[in-house]
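In the working numbering, the protein residues as written are 3 to 202. The C-beta atom is built at its ideal place from N, Cα and C for all residues, glycine as well. Accompanying notes for the structure given below.
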């Protein structure tokens, strides 16, 4: 989050986008319940054809979403299109590591049919071709491995916290978290945190 801090603090209004209508309805309900409905709105739409005018946003933020989108060139072009010339893009993604195909299921995909990972270097090249310049690029894979080890210990001891991703994943959580640990340990995945600006 430290990479995103300044950009997030400057936000006045947030528009969230999701392909799934049900997720949009849940997000709207959560915004109301947390008192954020006056600052956050949600739209259903396709990230490959963003339903917004050119140069509409100061910041585009994508967190753990691109892994399910095969046409990354089009995704990044759309993000660039809706950003103002002084805008920034903040991303958090999972990339392909040198250790081979990930073990599934994972938090982003039950199987490889909806998982589209690119090595971090290829992701960076695609972003730069889309018209972005890197401001900050961070690999938090080691920190994620430490978190995955702690999560595995909590699963084994039955001491998961009352709130967490395990509630969203449900009964498959032990398998999913075990696969994430293995994927990190065996360098099957690499993580990316980055902030980019428009290269005008």
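So, for residue i: in the same chain, excluding its five sequence neighbours on each side, which residues have a beta-carbon less than 8 Å away from its beta-carbon?
{"i": "residue 53", "result": "19, 45, 47"}
{"i": "residue 128", "result": "74, 75, 78, 120"}
{"i": "residue 174", "result": "107"}
{"i": "residue 23", "result": "46"}
{"i": "residue 163", "result": "156"}
{"i": "residue 80", "result": "49, 50, 51, 52"}
{"i": "residue 103", "result": "114, 190"}
So, is the C-beta of residue i closer than 7 Å to a C-beta in chain C?
{"i": "residue 200", "result": "Looking for chain C here will not work: only one protein chain is present."}
Measuring straight from C-alpha to C-alpha, what distance separates residue i and residue j?
{"i": "residue 75", "j": "residue 67", "result": "14 Å"}
{"i": "residue 9", "j": "residue 187", "result": "Low per-residue confidence applies at residue 9: pLDDT is 47, beneath 50, and the placement is therefore not dependable, though the value from the model is reported in the following sentence. Whole-angstrom Cα-Cα distance: 32 Å."}
{"i": "residue 98", "j": "residue 118", "result": "9 Å"}
{"i": "residue 144", "j": "residue 50", "result": "31 Å"}
{"i": "residue 204", "j": "residue 27", "result": "With the chain covering 3 to 202 only, the question about residue 204 has no answer from this structure."}
{"i": "residue 192", "j": "residue 59", "result": "29 Å"}
{"i": "residue 15", "j": "residue 38", "result": "10 Å"}
{"i": "residue 126", "j": "residue 135", "result": "9 Å"}
{"i": "residue 141", "j": "residue 56", "result": "31 Å"}
{"i": "residue 202", "j": "residue 25", "result": "35 Å"}
{"i": "residue 146", "j": "residue 139", "result": "16 Å"}
{"i": "residue 160", "j": "residue 115", "result": "32 Å"}
{"i": "residue 167", "j": "residue 148", "result": "16 Å"}
Would residue i and residue j qualify as a contact pair, given that the criterion is a beta-carbon distance under 7 Å?
{"i": "residue 36", "j": "residue 17", "result": "no"}
{"i": "residue 197", "j": "residue 137", "result": "yes"}
{"i": "residue 122", "j": "residue 200", "result": "no"}
So residue i and residue j are in contact, right, with Cβ under 8 Å, and what is the actual spacing, rounded?
{"i": "residue 132", "j": "residue 90", "result": "14 Å between Cβ atoms; not a contact."}
{"i": "residue 194", "j": "residue 94", "result": "7 Å"}
{"i": "residue 61", "j": "residue 92", "result": "7 Å"}
Whose C-beta lies closer than 6 Å to the C-beta of residue i among residues of the same chain, with five residues either side of it excluded?
{"i": "residue 184", "result": "105"}
{"i": "residue 150", "result": "182, 183, 186"}
{"i": "residue 30", "result": "44"}
{"i": "residue 113", "result": "106"}
{"i": "residue 64", "result": "93"}
Excluding five sequence neighbours on each side, which residues of the same chain lie with their C-beta closer than 7 Å to the C-beta of residue i?
{"i": "residue 101", "result": "188, 189, 190"}
{"i": "residue 110", "result": "66, 69, 70, 96, 117"}
{"i": "residue 41", "result": "15, 16"}
{"i": "residue 72", "result": "118"}
Notebook entry, point to check: If you pair each beta-carbon of the region 175-186 with each one of the region 153-163, do three or more pairs fall below 8 Å?
Noted result: yes
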